[in-house]
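Read the structure below first, then the notes.
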Amino acid sequence: MLKTRVLVLGVSRYSFPDEKNGNIIEGAKIHYCDADRAEEENVIGHTPQTAVVDYKEFMTMYTSGVPGYYDASMRISLTGRKPTLKIDAFEFVAPFSLVDKPVSNKAV
Numbered sequence: 000m001l002k003t004r005v006l007v008l009g010v011s012r013y014s015f016p017d018e019k020n021g022n023i024i025e026g027a028k029i030h031y032c033d034a035d036r037a038e039e040e041n042v043i044g045h046t047p048q049t050a051v052v053d054y055k056e057f058m059t060m061y062t063s064g065v066p067g068y069y070d071a072s073m074r075i076s077l078t079g080r081k082p083t084l085k086i087d088a089f090e091f092v093a094p095f096s097l098v099d100k101p102v103s104n105k106a107v
């Protein structure tokens, strides 16, 4: 199992009936970025990624704290045409605070 430290920025959950058969489709989307971002050509700042996880992860992250630092556990999935990296779990490490800084109303 592979692990990496990430900064979880936000989590949203969804639950709706499938139009074809009425089964409930539910899950949670976790929006995160690499905590130790390396410089990339043609990229400024942090570009968020999204992982889809089980619906119950929303409450787990709600009680742990978001935004926050988490260890993301990943595995290689061999389903489909080519191997892909899938995130299995997020484990809370430490809180993170986005502190607002005053912005001048004057045009720059």
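Quick note: the sequence shown uses numbering that gives the first Met the number 0, first residue 0, plus one each step. Glycine residues also receive a C-beta, built at the ideal position from the N, C-alpha and C atoms.
Roughly how many angstroms separate the alpha carbons of residue i and residue j, rounded to a whole number?
i: phenylalanine 57; j: asparagine 20; result: 25 Å
i: valine 52; j: alanine 88; result: 8 Å
i: glutamate 40; j: tyrosine 31; result: 20 Å
i: glycine 44; j: phenylalanine 15; result: 34 Å
i: alanine 27; j: aspartate 70; result: 17 Å
i: lysine 81; j: glutamine 48; result: 20 Å
i: serine 76; j: isoleucine 86; result: 10 Å
i: aspartate 33; j: tyrosine 68; result: 10 Å
i: threonine 46; j: arginine 36; result: 9 Å
i: lysine 2; j: glycine 79; result: 23 Å
Identify which residue in the options has its Cα closest to the Cα of residue i.
i: serine 96; options: Pro66, Pro16, Met0 and Gly44; result: Pro66
i: threonine 59; options: Asp17, Leu8 and Glu90; result: Glu90
i: arginine 4; options: Ser72, Ile24, Val98 and Leu84; result: Ser72
i: isoleucine 24; options: Pro47, Tyr54, Ala34 and Val98; result: Tyr54
i: leucine 8; options: Tyr61, Arg74 and Leu1; result: Tyr61
May I ask you to list the residues that DSSP assigns as paired with residue i?
i: isoleucine 86; result: Met73
i: valine 10; result: Ile29
i: tyrosine 68; result: Leu6 and Ala93
Taking only three categories from DSSP, how would you classify residue i?
i: tyrosine 31; result: strand
i: threonine 110; result: The structure shown does not extend to residue 110, since the chain is modelled only from 0 through 107, so no value can be given for it.
i: tyrosine 54; result: coil
i: threonine 46; result: coil
Can you tell me whether residue i is buried or exposed? The criterion is at least 16 other CB atoms within 10 Å of its CB, across all chains shown.
i: valine 42; result: exposed
i: alanine 93; result: exposed
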